[in-house]
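Worksheet: the structure to be examined is printed underneath.
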Amino acid sequence: MKILKNLTLPIIGILAWEALAIYLNNPVILPKVESVISILLNPGVGILGTGNLIENTIVSIKRVLIGFFIAGAFAIPLGLLMGYYSLINDLFDTTVELLRPIPPLAWVPLALAWFGIGESSMHFIIFIGAFFPILINTISGVKSVPVIMIEAAKTLGGSTKDILKSVVVPASSPDILTGLRVGAGIAWMCVVAAEMLPGSDAGLGYLIMYAYSLSKMNIVVASMIIIGIIGIILDKGLRYIEKKYFCWKKMMK
1 MKILKNLTLP
11 IIGILAWEAL
21 AIYLNNPVIL
31 PKVESVISIL
41 LNPGVGILGT
51 GNLIENTIVS
61 IKRVLIGFFI
71 AGAFAIPLGL
81 LMGYYSLIND
91 LFDTTVELLR
101 PIPPLAWVPL
111 ALAWFGIGES
121 SMHFIIFIGA
131 FFPILINTIS
141 GVKSVPVIMI
151 EAAKTLGGST
161 KDILKSVVVP
171 ASSPDILTGL
181 RVGAGIAWMC
191 VVAAEMLPGS
201 DAGLGYLIMY
211 AYSLSKMNIV
221 VASMIIIGII
231 GIILDKGLRY
241 IEKKYFCWKK
251 MMK
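Note that my numbering has the sequence shown beginning at 1, numbered continuously upward.
Here it is, written out as structure tokens:
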């Protein structure tokens, strides 16, 4: 029953899409459903001389993972320190709040100037997109740790390192995971923009722009659907981890 509820709106959307595509009868404006499905059902077939759908998807996944993991490697430790130490929070807070509202695309000129044309610029844009959600949620998670837990650890003779390792990190992990979920979604949005930068010759973002330039909208829509599917898989995977390992968080509220 739940599956039917989840699929009801997508099915209605597909039917409406097909009806509108037939009415317009213009694949440049809106391709028919079957033309998009034919692309999705043949992911190993070459597309416009840019490799096949599988190859371009793998390229995008690699870029997202690199930028995302670098973002996590910097954001989580900094968030733990900012959340636990008021001095470090005071030092970084203004800078973080100044940079956080700047859209990742606004960093494109600087990324090209700093890293040149190539993979590093793309990784940087993805890094910027994922960094701040992970950081903010980590800080929030640390600050939400009950003071009584920290005081109890201090009473038992726990050092700062012990408190961070055995109390703060486990207690704030659900919020950190939420930040990772949000960051992963934004990273996928950023990879499309990043792959439109000069020097990109593969990836779903590149494929979307190249197909658009040739008015192959069925390829554009198929690539968009792949991005959406991968995003759902990532989010469901992180939600599964959250439910399996952090169900105790709800009991504390």
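Ideal Cβ placement from N, Cα and C applies to all residues, glycine included.
Euclidean distance between Cα positions of residue i and residue j
i: Met251; j: Leu80; result: Reliability of the predicted coordinates at Met251 is poor, the pLDDT of 49 falling under 50, and the value obtained from them is presented with this limitation in mind. Those two C-alpha atoms are separated by around 23 Å.
i: Leu78; j: Val96; result: 11 Å
i: Gly199; j: Ala130; result: 22 Å
i: Ile229; j: Gly46; result: 21 Å
i: Leu7; j: Val192; result: 26 Å
i: Lys161; j: Ala71; result: 23 Å
i: Glu151; j: Val142; result: 14 Å
i: Ala106; j: Leu112; result: 11 Å
i: Phe68; j: Val182; result: 11 Å
i: Ser144; j: Lys243; result: 19 Å
i: Glu119; j: Leu234; result: 22 Å
i: Ile271; j: Val220; result: For the chain, the structure presents residues 1 to 253; residue 271 sits outside this window and is missing.
i: Arg100; j: Ser223; result: 29 Å
i: Ile208; j: Val64; result: 17 Å
i: Asn52; j: Leu180; result: 30 Å
i: Phe132; j: Ile22; result: 43 Å
i: Ile126; j: Thr178; result: 18 Å
i: Asp93; j: Leu156; result: 32 Å
i: Ile241; j: Leu24; result: 44 Å
i: Ile260; j: Leu9; result: What is shown of the chain runs 1 to 253, which leaves residue 260 out entirely.
i: Ser173; j: Pro146; result: 14 Å
i: Asp90; j: Met82; result: 8 Å
i: Ala194; j: Asn42; result: 26 Å
Contacting residues, own chain, Cβ-Cβ under 7 Å from residue i (five flanking each side not counted)
i: Phe115; result: Ser121, Phe124
i: Ile76; result: Ile134, Thr138, Ile176
i: Tyr210; result: Leu48, Thr50
i: Asn218; result: Pro27, Pro31, Ser35, Val36, Ile39
Whole-Å CB distance - residue i paired with residue j, under 8 Å assumed
i: Thr57; j: Ile226; result: 6 Å
i: Ser60; j: Gly231; result: So it is not a contact: roughly 11 Å between Cβ atoms.
i: Val168; j: Tyr84; result: 6 Å
i: Val33; j: Ile14; result: 6 Å
i: Gly44; j: Ile54; result: 6 Å
i: Leu98; j: Ala184; result: Leu98 to Ala184, Cβ: 24 Å. No contact.
Local conformation of residue i per DSSP, three classes
i: Asn52; result: strand
i: Gly13; result: helix
i: Gly46; result: strand
i: Tyr85; result: coil
i: Lys243; result: helix
i: Gly254; result: Because the chain spans 1 through 253 in this model, residue 254 falls outside it and cannot be assessed.
i: Val191; result: helix
i: Asn26; result: coil
i: Lys32; result: coil
i: Pro198; result: coil
i: Ile37; result: helix
i: Gly179; result: helix
i: Ile102; result: coil
i: Gly116; result: coil
8 Å Cβ shell around residue i - same chain, five flanking residues per side excluded
i: Lys253; result: With a pLDDT of only 49 at Lys253, under 50, the local geometry of the prediction cannot be trusted, and no value is derived from it.
i: Ile163; result: Ile150, Ala153, Lys154
i: Leu197; result: Val108, Ala111, Leu112, Ile117, Ser121, Met122, Ile125
Cut-off 6 Å between Cβ atoms - residues of its own chain near residue i, not counting five sequence neighbours on either side
i: Ile273; result: Nothing about residue 273 can be reported from this structure: the residues present for the chain run from 1 to 253 only.
i: Ile128; result: Pro104, Trp107
i: Ser215; result: Val28
Quick check for students: name the residue ranges of the beta strand (DSSP E) that lie wholly in the segment 201-228, counting only runs of 3 or more. none
I'd like the ranges of any alpha helix (DSSP H) spanning at least 4 consecutive residues and lying wholly in the segment 121-168. 147-155, 160-163
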